[in-house]
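Participant: Structure below; questions to follow.
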Amino acid sequence: MEEEWMAIPDPIRRFVEATNSGNNEAFLDTFTADAFISDWGRSFLGRGEISSWNQSDNIGVQSNLRIVRFEGDHDVCRVRMAVTGNGFNGEGDMMFKLDDGRISQLIIS
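Counting the sequence shown from 1 gives a position; my numbering is that position plus 17.
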C-alpha cells in the first residue's frame, strides 16, 4: 500500500493527511489562494470560504478520509474517497485539479 500511496500526487496526500490529523493550517495550505470547491453544488471560492467549508463539512466534523481508488495524472485526478466522522459517512467521488503543487479546484459529487 505504501507504494500506491506514494503514487498519489503530493497535494492530494497532504489534503488527506491534514484532514485526518485535524490540522486546519496544513489543510488550507494544500489549496491555491483562489481555489474553488464545489460540494454537491454548493460553491466555495478562495481560502476564506474553503476554511468555512472545512469547519462545517470536513475537519470541523472530524472527518477521516481513505482513498479507495485513484486515477489521473499530476494535473487532474479522480479519487474515490471513503469518509467517516461526525458528518457525511460513505464513499464519494472527488475530482482534483492541481496547479503548481496545490489544489486549485475540488469537485465533490
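The beta-carbon is built from N, C-alpha and C at its ideal position, and this holds for glycine as well.
Can we say the region 60 to 68 touches the region 98 to 113, given the rule of at least three CB pairs closer than 8 Å?
Facilitator: Because the criterion of three Cβ pairs below 8 Å is not met, the region 60 to 68 and the region 98 to 113 do not touch.
Participant: Around the Cβ of residue 101, are there at least 16 other Cβ atoms within 10 angstroms (buried) or fewer (exposed)?
Facilitator: Here residue 101 corresponds to residue number 84 of the sequence shown, with the count starting at 1. Taking a 10 Å sphere around the C-beta of residue 101, we find fewer than 16 other C-beta atoms and assign the residue as exposed.
Participant: I want to see whether chain D comes within less than 9 Å of residue 109, judged by CB atoms only; does it?
Facilitator: Absent from the structure is chain D; it holds one protein chain and no more.
Participant: Kindly indicate which three-state DSSP category residue 71 falls into: helix, strand or coil?
Facilitator: In the sequence shown, the residue the question calls residue 71 occupies position 54. Reduced to three states, the DSSP call for residue 71 is helix.
Participant: Determine the extent of the alpha helix (DSSP H) in which residue 93 is found, giving its start and end residues.
Facilitator: By 1-based counting over the sequence shown, the position of residue 93 is 76. Unbroken run through residue 93 is the beta strand (DSSP E), 93 to 101; no alpha helix (DSSP H).
Participant: Can the beta-carbon of residue 48 be found closer than 9 Å to that of residue 125?
Facilitator: Locating residue 48 in the sequence shown gives position 31, where the first residue counts as 1. Locating residue 125 in the sequence shown gives position 108, where the first residue counts as 1. Note that the C-beta distance between residue 48 and residue 125 is not below 9 Å.
Participant: If we count the other Cβ atoms within 10 Å of its Cβ and call it buried at 16 or more, is residue 69 buried or exposed?
Facilitator: Here residue 69 is taken as the residue at index 52 of the sequence shown, counted from 1. Answer is exposed; the Cβ neighbour count stays below 16.
Participant: By how many angstroms is the C-alpha of residue 58 removed from the C-alpha of residue 80?
Facilitator: The sequence position of residue 80 within the sequence shown is 63, counting from 1. The sequence position of residue 58 within the sequence shown is 41, counting from 1. When rounded, the distance between both Cα atoms is 20 Å.
Participant: Roughly how many angstroms lie between the CA atoms of residue 75 and residue 95, to the nearest whole one?
Facilitator: The sequence position of residue 75 within the sequence shown is 58, counting from 1. The sequence position of residue 95 within the sequence shown is 78, counting from 1. The straight-line gap from Cα to Cα measures roughly 19 Å.
Participant: Which class does residue 41 belong to by DSSP, given the choice of helix, strand or coil?
Facilitator: Taking the first residue of the sequence shown as position 1, residue 41 is located at position 24. Note: residue 41 maps to helix in three-state DSSP.
Participant: Measure the beta-carbon distance from residue 54 to residue 123 and round it to whole angstroms, keeping in mind my assumption that it falls under 8 Å.
Facilitator: Looking up residue 54 in the sequence shown gives position 37. Looking up residue 123 in the sequence shown gives position 106. Rounded, the Cβ-Cβ distance is 5 Å, consistent with contact.
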